[in-house]
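Enquirer: Following this message is one structure expressed as structure tokens.
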Ligand code: NOJ
């Protein structure tokens, strides 16, 4: 009892202290706000970019990152934040101007797109998500933050948590795929990685949940395009990852470029205030995407710059990235009484709160540390971690007759293809300060791995995206002289990413013909794919014996791929996005509705299908092979009837029935069979990544809580509806075994 009382006392003291601390911060903000002019307030709400022409990854810190005009603007309190300025020297110089020469002495906040590493480049986010290893994903963000903060940065415009169900959309590479449950877990892990436990520490940075909201729902997969979705789809599919990121502590949010049902996000009060602030209790700040305040006019949502400024501010956009509309318009709006100055105070308060949390008022220079910068960037431990997660991100799509892994003593290998010895593309889009000279190519990785007696012959064969076939001959001859062919093909890094959408998902240029030419030699061909999105590779799948999906794995790509090719690592990645057979199948996510006439393979059936295609995708969500085999038992339940407030336990035995140790991602899906509204045919609700030695069996338990069974009913109330549920457990979303239970009132 004594200890119990003591614990309560400590807890109350802690709560009071925490409250005092935060109210002390609020008081400081009050006193700063009281001294600020309207223009200085608007300055805090203005973010501008560094100069473009100074970017040089090899020598990235330079005074020319900011112009003389920008230095004057800092002095005059007209800029509160920079993006695209980094490096301990320049950030220190500009921060010195802000805190010594401006009247308010408010420190600047420096933001940058640190998406998958800063100087040490990790796999693109889509690839990392295929690891299903949340600790590794968190660690990758942690390392990126350690490096970026040493170079003066406080804030990353990541994670992008937009659900993407259209692989034509170039930004699919930047997220965690098509599933809201998994996407939410990844969002939280990335936020925790960037922000750590203490935002004021000199090696953690503010994260930014983007792009709010439903940016990935662009019609036709064309970036920036209109989004027209039901309120239910917004709530069930798109919003969960944003909310998960905010619950994990993210202190900033970025608006999306798109409109939803007629309202552009940057001017959407329902999203930015009703949902984000009032429902989710978010108390950080909202930054617009680049120029998006100005684009309210182009959308046809504001008739003038002045109206755009007013609509964005009143909706809840606190900081204007690069459209300068706040700078040019807000002052007159406030002075004329059209906008209440309290809106400025509210936004500035939110921005200053984050600057406080980052510790910038205590020490504005704690992040620009040239010694740490030298030690941290490309630190060997960071590079080792990049290789570890790169290995885990690889998905084995096909492996006929166990062609892989190859023996390191194999006599000869032809390493061919436009990406086989490419140093720039493995870095992927949004690679921050990734340095191509530090990239290990596939050819280099293979050379380092095989025995000294193995002969490696390299031929490029063709370019990524050209119609020139003149290089085929040499590559084919090379193939003929070898025991096996490794063909590294795919997209270039700039074929996915912002504004990088494609109407065809085929291998670009003549690469498929190139594979055909290689196959004509009769030699076994292993295809190693590098790409930022699912590709349509039906031909390759049906003709080539082994395929590795490696995405863009970052600077350690070649080493990680060689680890998998030669069996030093047994692949364990699983797809987080369905691979369609052709573009015409899109959208083809696994968690679709049943319809009244579910897909039926019989071509004569009147069902949800195309005349000219099978009903299945090429590879389903959750798919990925291993060099060993896993055998699943039947799932068992600890009860067959529960109430709406109970949890249920699902158990399954998984055995490694092959001859190698390996990891398996055991996946749990549910289906709510009948409801007041229809439900998806399957929804991921749990997974566990387990390691099994040959012959080893492990029992995997999942607890399905009421939260996991909840949905929005016909009246949009969130909760569990009684009825029958199916549970599916298996190695991917298609290959599952089932059990069922009922929920009673
Ligand atoms: C536009 C992109 O949409 C956004 O994701 C990015 O953070 C900003 N540009 C800043 O580079």
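Numbering (the working numbering), first residue to last: 4 to 748.
Just so it is clear, CB atoms sit at the ideal spot from N, CA and C, and this is done for glycine as well.
Please indicate yes or no: does the CB of residue 116 lie closer than 8 Å to some heavy atom of the ligand NOJ?
Expert: yes
Enquirer: What separation, rounded to the nearest whole angstrom, lies between the Cα atoms of residue 375 and residue 485?
Expert: 48 Å
Enquirer: Can you find a CB in chain C that lies within less than 9 Å of the CB of residue 243?
Expert: Judged by its chain identifiers, the structure shown contains no chain C, having just a single protein chain.
Enquirer: Rounded to whole angstroms, how far is the Cβ of residue 257 from the Cβ of residue 215, which I believe are closer than 8 Å?
Expert: 7 Å
Enquirer: Identify every run of the beta strand (DSSP E) within the segment 393–447, keeping only runs that are complete inside it and at least 3 residues long; order them along the chain.
Expert: 398–402, 415–419
Enquirer: What do you reckon, is the C-beta of residue 195 under 8 Å from a heavy atom of the ligand NOJ?
Expert: no
Enquirer: Is residue 292 near the ligand NOJ, judged by its Cβ being under 8 Å from some heavy atom?
Expert: yes
Enquirer: Between the segment 448–463 and the segment 410–418, do three or more beta carbon pairs fall short of 8 Å?
Expert: yes
Enquirer: Does residue 506 pass the burial test, meaning 16 or more other C-beta atoms within 10 Å, or should it be called exposed?
Expert: Classification for residue 506: exposed.
Enquirer: Taking its Cβ as the centre, do 16 or more other Cβ atoms sit within 10 Å of residue 97, making it buried, or is it exposed?
Expert: buried
Enquirer: Cutting at 6 Å between CB atoms, please list the residues of its own chain near residue 477, excluding the five before and the five after it.
Expert: 462
Enquirer: Pick helix, strand or coil for residue 209, following the three-state DSSP scheme.
Expert: strand
Enquirer: Return the residue from the list 226, 186, 372, 245 that minimises the CA-CA distance to residue 766.
Expert: No information on residue 766 is available, as it lies outside the stretch 4 to 748 that the chain covers here.
Enquirer: Note down, one range per segment and in chain order, each beta strand (DSSP E) of at least 3 residues found wholly within the segment 663–744.
Expert: 665–675, 686–695, 700–707, 726–733
Enquirer: Measuring only from the beta carbon, is residue 298 closer than 8 Å to any heavy atom that is part of the ligand NOJ?
Expert: no
Enquirer: I want to know whether the segment 358–370 touches the segment 94–112 - three or more CB-CB distances under 8 Å.
Expert: Yes: at least three Cβ pairs fall under 8 Å.
Enquirer: What does the alpha-carbon distance come out to for the pair residue 236 and residue 723?
Expert: Rounded to whole angstroms, residue 236 to residue 723 spans 18 Å at the Cα level.
Enquirer: Leaving out five residues before and five after residue 16 in sequence, what residues of the same chain have Cβ atoms less than 7 Å from its Cβ?
Expert: Model confidence at residue 16 stands at a pLDDT of 46, short of 50, so the residue's coordinates are unreliable and nothing is read from them.
Enquirer: With DSSP as the reference, please indicate the residues paired to residue 462 in a beta bridge.
Expert: 419
Enquirer: Taking only runs that begin and end inside the segment 484–552, name each unbroken alpha helix (DSSP H) of 4 or more residues, in chain order.
Expert: 514–522, 541–546
Enquirer: Does the ligand NOJ have a heavy atom nearer than 8 Å to the CB of residue 214?
Expert: yes
Enquirer: Are residue 698 and residue 659 touching if we call contact CB-CB under 9 Å?
Expert: Result yes, Cβ atoms of residue 698 and residue 659 sit closer than 9 Å.
Enquirer: Nearest-angstrom Cα distance between residue 386 and residue 377?
Expert: Using only the alpha carbons, I get a separation of about 15 Å.
Enquirer: Does the contact criterion of 3 or more C-beta pairs under 8 Å hold for the segment 316–331 versus the segment 284–291?
Expert: yes
Enquirer: By how many angstroms is the C-alpha of residue 512 removed from the C-alpha of residue 44?
Expert: 52 Å
Enquirer: Hey, residue 714 and residue 656: beta-carbon distance below 9 Å or not?
Expert: no
Enquirer: Considering only their Cβ atoms, is the gap separating residue 206 from residue 148 smaller than 9 Å?
Expert: yes
Enquirer: Is residue 262 close to the ligand NOJ? I mean its beta-carbon at under 8 Å from any heavy atom of the ligand.
Expert: no
Enquirer: Would you decide whether residue 573 is buried or exposed? Buried here means 16 or more other CB atoms lie within 10 Å of its CB.
Expert: buried
Enquirer: Based on DSSP bridge pairs, tell me the residues matched to residue 266.
Expert: 263
Enquirer: Under the rule that 16 or more other beta-carbon atoms within 10 Å means buried, what is residue 403, buried or exposed?
Expert: exposed
Enquirer: Okay, do the segment 307–314 and the segment 22–36 touch, 3+ Cβ pairs below 8 Å being the bar?
Expert: no
Enquirer: Would you check whether the ligand NOJ has a heavy atom nearer than 8 Å to the C-beta of residue 327?
Expert: no
Enquirer: Give the straight-line distance between the Cα atoms of residue 524 and residue 591, rounded to the nearest whole angstrom.
Expert: In this structure, the alpha-carbon of residue 524 lies about 35 Å from that of residue 591.
Enquirer: Can you give me the C-alpha to C-alpha distance between residue 73 and residue 159, rounded to a whole angstrom?
Expert: Going from the Cα of residue 73 to the Cα of residue 159 covers about 21 Å.
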